[in-house]
Amino acid sequence: MTATSQKEKEKKRFVIRVSRDHLSAFLTIFPYDEEKENPVTLAQIKNELLKAGIVYGIDEVKILLALNEKKGVTDQLIAEGKKPVPGQNAQLKYYFNPHGVEIKPKELENGRVDFYNISLIQNVKKGQLLVEKIPATRGIPGVNVFGKEIPGLPGKDIPLPIGKNVNVSEDMLKGYAACEGHVVFTGGKVSVLDVLEIKGDVNFSTGNIEYSGNVIIKGHVREGFKVTSKGDVEIFGTVEGGHVFADGNIIVKKGIRGNKKSKIEAKKNVYSNFIENAYVKAGEDIIVNSGIMHSEVNAGLNVQVGGKRGVVVGGVCRAGKSLVCKNLGSNLATITIVEVGVNPDLWLAYNQVSRDIENIKQNLDKADKALKILKQLEEKLNKLPPDKEKLRQKLLDTRKQLQRDNTRLELEKFDLEQKIKKIGDGIIKVSETINCGVQISMGKAKKHFTSEMKRVVLKLDGMDISIEPLVS
43 MTATSQKEKE KKRFVIRVSR DHLSAFLTIF PYDEEKENPV TLAQIKNELL KAGIVYGIDE
103 VKILLALNEK KGVTDQLIAE GKKPVPGQNA QLKYYFNPHG VEIKPKELEN GRVDFYNISL
163 IQNVKKGQLL VEKIPATRGI PGVNVFGKEI PGLPGKDIPL PIGKNVNVSE DMLKGYAACE
223 GHVVFTGGKV SVLDVLEIKG DVNFSTGNIE YSGNVIIKGH VREGFKVTSK GDVEIFGTVE
283 GGHVFADGNI IVKKGIRGNK KSKIEAKKNV YSNFIENAYV KAGEDIIVNS GIMHSEVNAG
343 LNVQVGGKRG VVVGGVCRAG KSLVCKNLGS NLATITIVEV GVNPDLWLAY NQVSRDIENI
403 KQNLDKADKA LKILKQLEEK LNKLPPDKEK LRQKLLDTRK QLQRDNTRLE LEKFDLEQKI
463 KKIGDGIIKV SETINCGVQI SMGKAKKHFT SEMKRVVLKL DGMDISIEPL VS
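Residues 43 to 514 (my numbering) are what the sequence shown spells out, left to right.
See the structure below:
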């Protein structure tokens, strides 16, 4: 586009051209003969700009520089508009790692690397901020050389990637966890899953599992690894020397074995095909399909062992209410301890207090012997040396503290004894055989079996344990 026609161009000594985008104006001054022609003036050019409607971004300095060129100039930029600034595109800010957690084992103080406590899970709490959208901006308008506004293009918007169990804020800019669980980014969306599924084993490839919801493990829990859940844990394989803790139920479909290393604790129930050489504790019931062998099991309510053998042999079996099985002990007279009628936690606390009292008595005895020796030394020397006197004072202080601790523990033991006496209707049902070597406790009542008995029910009768035939 030109502000001057071709015909006018022939008459005039300069031309003003405007770019197609109307953002630039250029000046061309043709060469002239100073002796025959008057020079082009600033006023002439400004007048021509006004006629053409060019009013924005005029640079008089550049015009004057062009006018000083006696040989003329070609396409000298003399006016420039302001380009519009496009708006920024919307962006997403994640408050977790959408690409997953990098596996980076922790180096221990001794220089070894801890491969157990790595975690691929990103746990979140209900209400936790997961993702935020920073809105697109509108863009800044520009101005062309004719003084007209050029709209600024707005930035591109993107949707908030909301998936399962994620709530959106009222302004549609933030996504929050709708429940406890683990956050994932799949299919272009942020979701919170309340069930964690491990496709294979819990081992060095997963590290220990700590999760706020339910956990499903399609493989095994290998030796040395831990699974901790605030919900239920379902294990399709076995627990082989691993630890599993759950606020809900624990299900181990193929069984628990551990060479005394497996530790299973559920606040509700434990279900397993078998239990062998393991520690198992349930706040409610322990239900086993085939057998409990050489283990320590503690159920707040009931222990039930079914299946073809239905055996409980070796170790210790505690149940707050009942034990139901087919066979108790073995024909090899394996020592099998059964405690029924008292919550196992009471027994465990009672046994621990009893051990603590015994330790205090031993320490008191040691202190008394040491004080006796110092007494003999004092009688011999008439006066103890300063270091020995200091030792005696320390022993006396220690003895006083031990006596205070002993008094406190004796009261605690008495309180536990009273609770144990108030046992409920503890019962043991054996549908086939109780073998020699079985030791039964119901509260303070005890019974040791020196010969086998068939199909019996054991109950507490006063201070004794009664044995009655089991009626189908």
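Virtual Cβ for every residue (Gly too), placed ideally from N, Cα, C.
Unbroken alpha helix (DSSP H) run spanning VAL103, endpoints
Counting from 1 along the sequence shown, the entry for residue 103 is found at position 61. It spans 102-109 - the alpha helix (DSSP H) in which VAL103 sits, taken as one unbroken run.
Open item on the list: the ligand FAD and GLN460: does the residue's C-beta get closer than 6 Å to at least one heavy atom of that ligand?
Closed with: Here there are no bound small molecules, and the ligand FAD is not part of this structure.
**Q.** Inter-residue spacing [alpha-carbon to alpha-carbon] between ASN301 and VAL237
**A.** Position 259 of the sequence shown, counted from the first residue, corresponds to residue 301. Position 195 of the sequence shown, counted from the first residue, corresponds to residue 237. So the two alpha carbons sit approximately 30 Å from each other.
Item to complete: Run through the stretch 151-212 for me and flag every whole alpha helix (DSSP H) of 4 or more residues, listed as ranges in chain order.
Response: none
**Item:** C-alpha gap between ARG62 and ALA121, whole angstroms
**Value:** Translated into the one-based positions of the sequence shown, residue 62 becomes position 20. Translated into the one-based positions of the sequence shown, residue 121 becomes position 79. Straight-line Cα distance between these residues: approximately 14 Å.
Worksheet item: Can you give, in chain order, each stretch of the beta strand (DSSP E) that sits fully within the stretch 215-296 and has at least 3 residues?
Response: 216-219, 223-228, 231-235, 237-240, 251-253, 256-259, 268-271, 275-277, 280-282, 285-288 and 292-294
Based on Cα-Cα distance, which residue from MET484, GLY273, LYS272 and ASP429 lies nearest to ARG360? One-based indexing of the sequence shown puts residue 360 at position 318. The residue with the shortest Cα to Cα distance from ARG360 is MET484.
Beta carbon of PHE68, beta carbon of ARG55: below 7 Å?
Here the question's residue 68 lines up with position 26 in the sequence shown. Here the question's residue 55 lines up with position 13 in the sequence shown. Cβ distance not < 7 Å, so PHE68 and ARG55 don't count as in contact.
- Query: What do you reckon, are the CB atoms on LEU437 and ALA409 nearer than 7 Å?
  - Reply: The residue you call residue 437 lines up with position 395 of the sequence shown. The residue you call residue 409 lines up with position 367 of the sequence shown. In this structure, ALA409 lies closer than 7 Å to LEU437 by Cβ.
**Report entry** C-alpha gap between ILE258 and VAL275, whole angstroms
**Finding:** In the sequence shown, the residue the question calls residue 258 occupies position 216. In the sequence shown, the residue the question calls residue 275 occupies position 233. When rounded, the distance between both Cα atoms is 6 Å.
Here's the rule I'm using: 16 or more other beta-carbon atoms within 10 Å means buried, otherwise exposed. How should ARG299 be labelled? Residue mapping note: residue 299 aligns to position 257 of the sequence shown, counting from 1. The residue is buried, with at least 16 neighbouring Cβ atoms inside 10 Å.
For my contact list, LYS268 and ASP289 are in at a C-beta cut-off of 8 Å; report their separation, rounded to the angstrom.
Stepping through the sequence shown from its first residue, residue 268 is reached at position 226. Stepping through the sequence shown from its first residue, residue 289 is reached at position 247. With 8 Å as the limit, LYS268 and ASP289 do not qualify as a contact, their Cβ atoms being about 15 Å apart.
With DSSP as the reference, label PRO427 as helix, strand or coil. Walking along the sequence shown from the start, residue 427 turns up at place 385. When DSSP states are grouped into helix, strand and coil, PRO427 belongs to the coil group.
Quiz item: Can the beta-carbon of VAL366 be found less than 7 Å from the beta-carbon of GLU338?
Solution: Within the sequence shown, the letter at position 324 stands for residue 366. Within the sequence shown, the letter at position 296 stands for residue 338. No. Outside cutoff.
* Asked: Contact between the stretch 494-511 and the stretch 398-407: three or more CB pairs below 8 Å?
  -> no
ALA67, enclosing beta strand (DSSP E) - first and last residue: In the sequence shown, residue 67 corresponds to position 25, counting from 1. ALA67 -> beta strand (DSSP E) spans 66-71.
**Prompt:** If you check the beta carbons only, do ILE328 and VAL312 fall under 7 Å apart?
**Reply:** Locating residue 328 in the sequence shown gives position 286, counting from the first residue. Locating residue 312 in the sequence shown gives position 270, counting from the first residue. Yes, they are a contact pair.
Problem - Spatial distance of SER38 from GLY249 (CA atoms) - result: Because the chain in this structure spans residues 43 to 514, residue 38 falls outside the shown range and cannot be described.
Relative to the alpha-carbon of PHE188, which residue among LEU451, ILE96, GLU307 and LEU413 has its alpha-carbon at the smallest distance?
Here residue 188 refers to the residue found at position 146 when the sequence shown is read from its first residue. Of the candidates LEU451, ILE96, GLU307 and LEU413, the one whose C-alpha sits nearest the C-alpha of PHE188 is ILE96.
Roughly how many angstroms separate the alpha carbons of GLU102 and LEU92, rounded to a whole number? Stepping through the sequence shown from its first residue, residue 102 is reached at position 60. Stepping through the sequence shown from its first residue, residue 92 is reached at position 50. C-alpha separation (whole angstroms): 13 Å.
Checklist entry - Whose CA, out of ARG180, VAL244, LEU107 and PHE316, lies closest to the CA of LYS350? => result Sequence index remark: in the sequence shown, residue 350 carries index 308 (1-based). Closest by alpha carbon: PHE316.
How about PRO128 and LEU195: do their beta carbons lie closer than 7 Å?
As a working note, residue 128 is residue 86 in the sequence shown. As a working note, residue 195 is residue 153 in the sequence shown. Taking 7 Å as the Cβ cut-off, PRO128 and LEU195 qualify as a contacting pair.
So, are the CB atoms of LEU388 and ILE462 less than 7 Å apart? Counting from 1 along the sequence shown, the entry for residue 388 is found at position 346. Counting from 1 along the sequence shown, the entry for residue 462 is found at position 420. The answer is yes: Cβ separation under 7 Å.
Next on the checklist: Check this for me: beta carbons of GLN130 and GLY197, under 7 Å apart or not?
Outcome noted: Working through the sequence shown from its first residue, we reach residue 130 at position 88. Working through the sequence shown from its first residue, we reach residue 197 at position 155. Yes, the Cβ-Cβ distance between GLN130 and GLY197 is below 7 Å.
**OP:** Rounded to whole angstroms, what's the CA-CA distance from GLN443 to GLY283? Just pull it up for me.
**Re:** On the sequence shown, position 401 is the one that residue 443 refers to. On the sequence shown, position 241 is the one that residue 283 refers to. Using only the alpha carbons, I get a separation of about 40 Å.
Checklist entry - Quick one: Cα of ARG450 to Cα of GLU474, how far? => result As a position in the sequence shown, residue 450 is number 408, starting the count at 1. As a position in the sequence shown, residue 474 is number 432, starting the count at 1. Cα to Cα, ARG450 sits roughly 46 Å from GLU474.
> Any idea which residues DSSP pairs MET495 with across the strands?
Replying inline: Taking the first residue of the sequence shown as position 1, residue 495 is located at position 453. ILE476, per the DSSP bridge assignment.
On a Cα-Cα basis, can you pick out the residue from VAL208, LYS125 and PHE287 that is closest to LYS190? The sequence position of residue 190 within the sequence shown is 148, counting from 1. Checking every option, the nearest Cα to that of LYS190 belongs to LYS125.
- prompt: By DSSP, does ILE96 sit in helix, in strand, or in coil?
  reply: Residue numbering aside, residue 96 sits at position 54 when the sequence shown is read from its first letter. If DSSP states are grouped into helix, strand and coil, ILE96 belongs with coil.
Exercise. Looking at LYS305 and GLY279, is the spacing between their C-beta atoms short of 7 Å?
Worked result: To locate residue 279, count along the sequence shown from 1; it is residue 237. To locate residue 305, count along the sequence shown from 1; it is residue 263. No.
Practice task
For GLY142, count neighbouring Cβ atoms within 10 angstroms of its own Cβ and tell me buried if that reaches 16, exposed if not.
Solution key: To locate residue 142, count along the sequence shown from 1; it is residue 100. Under this definition GLY142 is an exposed residue.
Beta-carbon proximity check, VAL472 vs LEU390, cutoff 7 Å: Start at 1 with the first residue of the sequence shown, and residue 472 comes out as number 430. Start at 1 with the first residue of the sequence shown, and residue 390 comes out as number 348. Against a cut-off of 7 Å, the Cβ pair of LEU390 and VAL472 comes out as no contact.
With a CB to CB cut of under 8 Å and the five nearest residues on each side skipped, what residues in its chain are close to VAL185? Translated into positions along the sequence shown, residue 185 becomes position 143. Counting only Cβ-Cβ distances below 8 Å, and skipping sequence neighbours, we find TYR98, GLY99, GLY123, LYS124, GLU191 and ILE192.
query: Helix, strand or coil: how does DSSP classify VAL339 here?
result: Counting from 1 along the sequence shown, the entry for residue 339 is found at position 297. In this structure, VAL339 counts as strand in the three-state DSSP scheme.
Please name the residue, chosen from ILE87, THR70 and LEU172, that lies closest to GLY114 on a Cα-to-Cα basis.
On the sequence shown, residue 114 is found 72 positions in, with the first residue counted as 1. Measuring from the Cα of GLY114, the nearest candidate turns out to be THR70.
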